[in-house]
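Notes to accompany the following structure.
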Amino acid sequence: MKPLHELGVAELAGLLGDRQVSSVELTRHLLDRVAAHEALGAFLSVDEDVALAQAAAADAWRARGVAGTGHSLLGVPIAHKDIFVTRDFPSTAGSRMLESYRSPFDATVVTRLAAAGAVTLGKLNCDEFAMGGSNENSAYAVARNPWDTGRIPGGSSGGSAVAVAARLVPAATGTDTGGSVRQPASLTGITGIKPTYGRCSRYGMIAFASSLDQAGPMARSALDCAHLLQAMSGFDPRDATSAEQPVPDFVAATTGLREGATAAQPLKGLRIGLPKEFFGEGVTADVLAATRAALAELEKLGATLVEVSLPRTELSIPVYYIIAPAEASSNLSRFDGVRYGHRASAYKDLDEMYRKSRSEGFGSEVKRRIMIGTYVLSHGYYDAYYLQAQKLRRMIADDFQAAFQACDLIAGPVAPAVARAIGSQTDPVAEYLADIFTLPASLAGLPGISVPAGFGEGGLPVGLQLIGNYWQEAALLHTGHALQQVSDWHLKAPPV
């Protein structure tokens, strides 16, 4: 048998169900591995006592014969991005502003995964308040890509990606505002899915941009992601953006056959659109080659490739970087040093307390986005910037609906290049440009998945992005799973 840390969610669930290993043994094994790889910067907090107590409870639950359908995660250790509030662990959002903050309640995503029996090892590193695409903006540590520790893992869910890729946990939660599940999944060679906006509750998720933020699972395979998404999804009356949408059986849909398909050609009849805007200038040759190779495999599985167009792709960058900072400036106004969060130690009056507390508590990228957002919402600029961006957002969503008239899914690269070196990008605008392929789906509220598609320059991972229409997560997971049955890219482990 392979070492326990080499096994994914579905494999571990099988071992636990057959009593070949206990959750306590598995949790102890992974806790030791986390401790041995602290230099990767994946975790911000770990509590062995809490994790082992949860594992013991899972073992006791199984011993009583309670486990059954709907408990495939019982005893499986995972970890949460430190953007979800938790009672048992600090909730910092990667910021000094919330250093050592303890929430009085758990986020809905955390609660639902716990109810499914998952064991929480700890909280994972992220860009401060989920603002960034490299995990260099964390106030505590830079997360390092296990394929090359001198390179970024992507962000903002960088810690989640590192933990899964380095085999510290079989799966983790992340959040995707403009690509923060899909991009780090691509750069570290794992699978990550952003569901349709509203599929997973945002209650207890520390807000960045409320009309864009969405929780999503990150794991080594599409099937493993399906197990987590099954538990995470569903309507939550405490979240005004949660959709009253039925939750399909994602696991069954992932492994089942499409109507009219065969075992040899499980994707027969599936039309995959290739936007010409995703395959032009700006994408490196190695990323294009890997993407094309993965698409060729999908063709062998029965899919048909068709050309489509998303003409406003380039406009997604200015639209996103107006709307997201505007919402951030509003959401982060609550951190003023009065009720909770960092408060300056010395000040003369209330105004100075506000200024010093926020100046000391927020990092440079968060300050930059607050300033941009405040500017575009200010009198005289709201109509010229924010209102226009919202109109274009609607047009970007309409472009997708037009494309879906000719195809079932849309495919292309996740990122225009493989992971860059840590500290190599000092121009924030250039950093923003790297989000060009993930932003359109986020602005439209569509689901998207990144699945490993091979390797590029320096042996670094490349991801294939698949985008579906609203509530089509099952189709994305099924397509990703089909690809992973005929390829081994997702099974490759980094040098660590």
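Numbered per the UniProt record's numbering, the sequence shown finishes at 496, counting up by one with no gaps.
Cβ coordinates follow ideal geometry from the N, Cα and C atoms, glycine included.
CB of residue i within 7 Å of CB of residue j, strictly
i	j	result
F43	V34	yes
residue 506	L30	Nothing can be reported for residue 506: it is not among the residues displayed for the chain, which extend from 1 to 496.
H478	T254	yes
A171	L228	yes
L267	L223	no
S180	F129	no
A79	L121	yes
Y272	A453	Here the sequence assigns Ile to residue 272, which means Tyr is not the residue at that position. No. Outside cutoff.
L212	T177	yes
V308	A406	yes
K276	G448	no
L439	L392	no
F105	F278	no
Beta-bridge pairing of residue i - partner residues as DSSP gives them
i	result
C200	S233
A417	In the DSSP output, where bridge partners are listed per residue, A417 has none listed.
K123	S45, H80
L274	E307
Q465	G412, S450
Q214	D176
A219	A171, T191
R151	A421
M205	F84
F89	F89 is not bridged to any residue.
As assigned by DSSP and simplified to three states, the class of residue i
i	result
F43	strand
S450	strand
M1	coil
R96	helix
K367	helix
F129	helix
T111	helix
T191	strand
I323	helix
Q405	coil
D176	strand
A243	coil
R62	helix
F250	helix
F455	strand
W489	helix
R394	helix
S330	helix
D351	helix
S138	coil
E259	coil
V24	helix
Q54	helix
Between the CA atoms of residue j and residue i - distance to the nearest angstrom
i	j	result
V338	V366	19 Å
Y386	Y320	10 Å
S359	A493	41 Å
L74	S134	32 Å
A53	W61	12 Å
L491	T262	25 Å
P237	D32	39 Å
S378	I372	10 Å
E38	T175	22 Å
I323	G423	27 Å
G269	Y375	49 Å
M131	R64	44 Å
A403	E11	37 Å
D148	A384	44 Å
V21	D398	50 Å
A58	L40	29 Å
H5	G459	22 Å
R102	F84	11 Å
P318	L466	23 Å
Contact with chain B by residue i, beta-carbon distance below 7 Å
i	result
D59	Looking at the structure shown, chain B is missing, and only one protein chain is on hand.
Same chain, Cβ closer than 7 Å to residue i, neighbours up to 5 away in sequence not counted
i	result
P3	none
S157	K81, C126, G174, T175, S180, V181, P184, M218
A482	P266, L267, L301
H342	R96, M97, E99, S357, E360, G361
W471	T196, Q245
A444	I396, A397, F400
S487	E297
S138	G94, N125, C126, D127, E128
Residues near residue i in its chain [Cβ-Cβ closer than 6 Å; skip 5 each side]
i	result
A243	G198
E327	A209, S210
T201	The sequence as given places Ser at residue 201; Thr does not occur at that position. Contacts found: T108, D236, D239, S242.
G456	D286, V287, A290, V418, V462
Neighbourhood of residue i by C-beta, 8 Å cutoff - its chain only, sequence neighbours within 5 removed
i	result
Q425	S134, E431
S330	G373, L377
L257	A263, P266
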